[in-house]
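Reviewing the structure listed below.
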Amino acid sequence: MFLSFLIVAQNNPVKLIKTLSSIRAQTEQDFEVILVDDTGFQPKSVVLDFMSEYFYQFNKQIKVITNLRSQGFSYSMNTGINKATGEYIVFVKEGEVLYENLVATLKKTVAEFSTNNKVINLLEFGIRYANLKTNSFSRLATEKLLSPKTNKEVLAYVHPLLHTKAFNREMLIKKQIYFANYTRNETFFIYKVLAYADGVVAVKDILADYDLGQVKYSVFDLLKQWVHIFNFYREHNLYKEYYDELEYAYVRFCLVSFLRLVRLQHNKQLAIKAINSAENKVDRRIKSFMKNKYAINISEPKFRIIAGDIKGYIKAWRAEFAR
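In terms of full-length UniProt numbering, the sequence shown opens at residue 1 and continues consecutively.
Here it is as structure tokens:
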């Protein structure tokens, strides 16, 4: 089997059917769905009631796993990884709409770029932020086999969002790459994969619609995971080798990915804490960052403007969202 879709269901049947319908409409049917029901029995599972109606529409392509009590996203995804049988795994968010050619495109890409010497460990594809009406294309060189060991820019430009990726399942199991339980650490998961990866391919196409909005977890977990990323690379004697790449990705994450998500929470007190935290973390690296080889020639227009006047950007962000 080529692909396993992993979904953690957390009590939103409307979003779930939206996602499952898009999976069922795939033009290439070489896939399975691993649905982890994390709602818990209260007193019964809403997801199990819901799935009883749709289960047989998937022609034995779906497995439903129920946690007796809610364990959270990371724990549930780890369960799904161990139950999956596909060559690749795509983690799917409830409410996400996958384009009908997703499986076909990824399968064709693997067939085209796999070699006897290198396995494609990670595929990245573009998404459309449906609620923001903007597209997010891969910042990596597309339609090209890249190796993080020689194409170090992969670590600088990889998208920090989990749901823009397909991961080689065999490598996850072999290297024991899992999520840390009970916290949000998807970007850490991605960078653990990149530390071992031989082959990465970015697809030029947009393959999913994704809503980026309010979240139920602490947004500060997203910043905290970078401590673990840096420590992981130190422990594996890779930190110095990838210093520029990790620093560039980190500063961009603080100023772009993190603050964008904070802005969408529409919470003034949260925004005040967040901009202070982001400023504090970036200030520690700003002198080094200005000499970073990736910061000298930024091809991304919006981030080039931000990086050109970081203090001015933080001041403007604070005035607009944290006053």
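Glycine included, every Cβ here is placed at the ideal spot set by N, Cα and C.
Requested in this report: Below 8 Å CB to CB, which residues in the same chain sit around E32 once its five sequence neighbours on both sides are set aside?
Outcome: Along the sequence shown, read from residue 1 onward, the residue named residue 32 stands at position 32. Here the set comprises M1, L3, S4, F5, Q61, I62, K63, A84, T85, G86.
Query raised in the report: Which of helix, strand or coil does DSSP assign to residue 346?
Result: In the structure as shown, the chain starts at 1 and stops at 323, and residue 346 therefore has no counterpart that could be examined.
Query - Extent of the continuous beta strand (DSSP E) to which S4 belongs - result: Working through the sequence shown from its first residue, we reach residue 4 at position 4. Element bounds for S4: 3-9.
Query - Local Cβ density within 10 Å of D244, reported as buried at 16 or more and exposed below that - result: Numbered from its first residue, the sequence shown carries residue 244 at position 244. D244 is buried by the Cβ-count criterion.
Query raised in the report: Under a Cβ-count criterion, where at least 16 other Cβ atoms within 10 Å of its own Cβ denotes burial, should R169 be classed as buried or exposed?
Result: Here residue 169 refers to the residue found at position 169 of the sequence shown. Under this definition R169 is a buried residue.
Query raised in the report: Thinking just about the alpha-carbon of each residue, which of V201, Y75, F167 is nearest to the one in V154?
Result: Mapped onto the sequence shown, residue 154 falls at position 154. Checking every option, the nearest Cα to that of V154 belongs to V201.
Report task. Determine contact between the region 215-230 and the region 128-140, defined as no fewer than three beta-carbon pairs at a distance below 8 Å. Result -> no
Query raised in the report: Taking buried to mean at least 16 other C-beta atoms within 10 Å of its own C-beta, is H236 buried or exposed?
Result: Counting from one through the sequence shown, the residue named residue 236 turns up at place 236. H236 is exposed by the Cβ-count criterion.
Report task. Return the chain-ordered ranges of every alpha helix (DSSP H) run that is complete within the region 283-313 and spans a minimum of 4 residues. Result -> 286-290, 293-296, 301-308
Query raised in the report: So R128 and N121 are in contact, right, with Cβ under 8 Å, and what is the actual spacing, rounded?
Result: Counted from its first residue, the sequence shown places residue 128 at position 128. Counted from its first residue, the sequence shown places residue 121 at position 121. About 25 Å separates the two Cβ atoms, so there is no contact after all.
Query - One or two residues paired with N135 in a DSSP bridge - result: Start at 1 with the first residue of the sequence shown, and residue 135 comes out as number 135. Partner(s): R128.
**Report entry** Beta-carbon spacing of N185, G72 below 8 Å
**Finding:** Position 185 of the sequence shown, counted from the start, is the residue given in the question as residue 185. Position 72 of the sequence shown, counted from the start, is the residue given in the question as residue 72. No, they are not a contact pair.
Report task. Assign F179 to one of three DSSP states: helix, strand, or coil. Result -> Reading the sequence shown from its first residue, position 179 is the one you call residue 179. Looking at F179 - three-state DSSP - the assignment turns out to be coil, as it is neither helix nor strand.
Query - Segment limits, alpha helix (DSSP H) that includes V92 - result: In the sequence shown, the residue the question calls residue 92 occupies position 92. Counting along the chain, V92 falls outside any alpha helix (DSSP H), though it belongs to the beta strand (DSSP E) covering 88-92.
Query raised in the report: Would you say the region 148-167 touches the region 225-232, given that touching needs at least three Cβ pairs under 8 Å?
Result: no
**Report entry** When L146, N267, K293, L246 are compared against A156, the one with the closest alpha-carbon
**Finding:** On the sequence shown, residue 156 is found 156 positions in, with the first residue counted as 1. Looking at the Cα atoms, L246 is the closest of the given residues.
Query raised in the report: When you compare each of K15, D37, Q29 to A9 by their alpha carbons, which one comes out closest?
Result: Sequence index remark: in the sequence shown, residue 9 carries index 9 (1-based). Minimum Cα distance to A9 is reached at D37.
**Report entry** Where Y56 sits in the DSSP three-state scheme
**Finding:** Reading the sequence shown from its first residue, position 56 is the one you call residue 56. If DSSP states are grouped into helix, strand and coil, Y56 belongs with the helices.
**Report entry** Close beta carbons around K204, own chain, < 8 Å, minus the five adjacent residues each side
**Finding:** Numbered from its first residue, the sequence shown carries residue 204 at position 204. Excluding residues within five positions, the ones whose Cβ falls inside 8 Å are G126, F137, S138, T142, E143.
**Report entry** Proximity below 8 Å, CB of V92 to CB of H163
**Finding:** Reading the sequence shown from its first residue, position 92 is the one you call residue 92. Reading the sequence shown from its first residue, position 163 is the one you call residue 163. Yes, the Cβ-Cβ distance between V92 and H163 is below 8 Å.
**Report entry** Sheet register partners of G213 (DSSP bridge)
**Finding:** Within the sequence shown, residue 213 is the residue found at index 213, counting from 1. In the DSSP output, where bridge partners are listed per residue, G213 has none listed.
Report task. Would you mind stating whether V103 and Q26 have Cβ atoms separated by less than 8 Å? Result -> In the sequence shown, the residue the question calls residue 103 occupies position 103. In the sequence shown, the residue the question calls residue 26 occupies position 26. Contact flag set, yes.
Report task. Keeping to the same chain, check which residues put their C-beta closer than 7 Å to that of L145; ignore five residues upstream and five downstream. Result -> Taking the sequence shown and counting its residues from 1, one reaches residue 145 at position 145. So the list reads F113, K118, G199, V201, once near-sequence residues are dropped.
Query raised in the report: Residues in its own chain within less than 6 Å of L106 by CB, not counting five upstream and five downstream?
Result: To locate residue 106, count along the sequence shown from 1; it is residue 106. Hits under 6 Å: L123, A166.
Requested in this report: With DSSP as the reference, please indicate the residues paired to I120 in a beta bridge.
Outcome: Start at 1 with the first residue of the sequence shown, and residue 120 comes out as number 120. According to DSSP, which records beta bridges pairwise, I120 is partnered with G199.
Report task. Could you pull the start and end residues of the beta strand (DSSP E) that E32 belongs to? Result -> Along the sequence shown, one-based indexing puts residue 32 at 32. Note, E32: beta strand (DSSP E), 31-37.
Report task. Note down, in chain order, each residue of its chain lying with its Cβ closer than 7 Å to the Cβ of N297, except the 5 sequence neighbours on either side. Result -> The residue given as residue 297 occupies position 297 in the sequence shown. Correct list: empty, nothing qualifies.
Query - I62 - partner residues in DSSP beta bridges - result: Against the sequence shown, residue 62 aligns to sequence position 62. In the DSSP output, where bridge partners are listed per residue, I62 has V33.
Query raised in the report: Run through DSSP, which three-state label would K204 get?
Result: Residue 204 sits at position 204 when you count from the first residue of the sequence shown. Correct three-state label for K204: strand.
Query raised in the report: Bridge partners of A166, per DSSP?
Result: Position 166 of the sequence shown, counting from 1, holds the residue named residue 166. L123.
Query raised in the report: Among E94, Y242, K192, which has the Cα closest to the Cα of T150?
Result: To locate residue 150, count along the sequence shown from 1; it is residue 150. Ranking the options by Cα distance to T150, first place goes to Y242.
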